[in-house]
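**Student:** Would you mind keeping the following structure in view while I ask a few things?
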């Protein structure tokens, strides 16, 4: 039941972001019909096009190490608001992230439970789109610099 509800929320968020042109066409991750492969093919097409015309190419790769774990819940709430995701939906998302706990198990030994104050749930349907919303501002700024 939770996965179905997460999927409905995710689909509504994607529709909102795409409908309001908040996701750039070059965003391939976490979108239907887009993948790592389509991203790579688009990138290679653009780079080889520049090389064929004799233009120089500079490439910057960013690796967001443990990126899903680094999403600040308070900053995510601000980002949701800035993308017009407000009121009931924003509150539901923040409640969904609230009071999560985690522990480590190594060879049958358990650590104590600790509160999770950042991150989006990995393996969830909604987690990747929340991460995308979190990094949209960075992504938009990078595209403006590159243009």
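Numbering (the working numbering), first residue to last: 1284 to 1430. Using N, Cα and C, we set each Cβ at its ideal position, and we do this for glycine too.
#1: With three or more C-beta pairs closer than 8 Å as the rule, is the segment 1297 to 1312 touching the segment 1365 to 1373?
#2: Can you give me the C-alpha to C-alpha distance between residue 1358 and residue 1311, rounded to a whole angstrom?
#3: Tell me, please, whether the segment 1395 to 1411 touches the segment 1334 to 1343 by the rule of three or more beta-carbon pairs shorter than 8 Å.
#4: When you compare only the Cα positions, how much space is there between residue 1328 and residue 1378?
#5: Give the range of the alpha helix (DSSP H) segment to which residue 1330 is assigned.
#6: Suppose you measure from the CA of residue 1326 to the CA of residue 1416; what does that come to, to the nearest Å?
#7: Using 7 Å as the threshold, is the C-beta distance between residue 1313 and residue 1412 below it?
#8: Below 7 Å between beta carbons: does that hold for residue 1399 and residue 1385?
#9: If you drop the 5 nearest sequence neighbours on each side, which residues of the same chain put their C-beta closer than 7 Å to that of residue 1292?
#10: What did DSSP end up calling residue 1412 once you bin it into helix, strand or coil?
#11: Taking buried to mean at least 16 other C-beta atoms within 10 Å of its own C-beta, is residue 1354 buried or exposed?
#12: Would residue 1414 and residue 1351 be called neighbours here (beta carbons separated by less than 7 Å)?
#13: With a threshold of 16 other CB atoms inside 10 Å of the CB of residue 1334, please say whether the residue is buried or exposed.
**Tutor:** Quick answer:
#1: yes
#2: 23 Å
#3: Contact between the segment 1395 to 1411 and the segment 1334 to 1343 is not established, with fewer than three Cβ pairs separated by less than 8 Å.
#4: 43 Å
#5: 1319 to 1335
#6: 22 Å
#7: Yes; because the gap between Cβ atoms is below 7 Å, this pair is in contact.
#8: Taking 7 Å as the Cβ cut-off, residue 1399 and residue 1385 qualify as a contacting pair.
#9: If the five residues before and after residue 1292 are omitted, its C-beta is found closer than 7 Å to the C-beta atoms of 1409, all from its own chain and listed in chain order.
#10: helix
#11: Flag for residue 1354 reads buried.
#12: Yes, the pair counts as a contact, with Cβ atoms nearer than the cut-off.
#13: Burial call: exposed.
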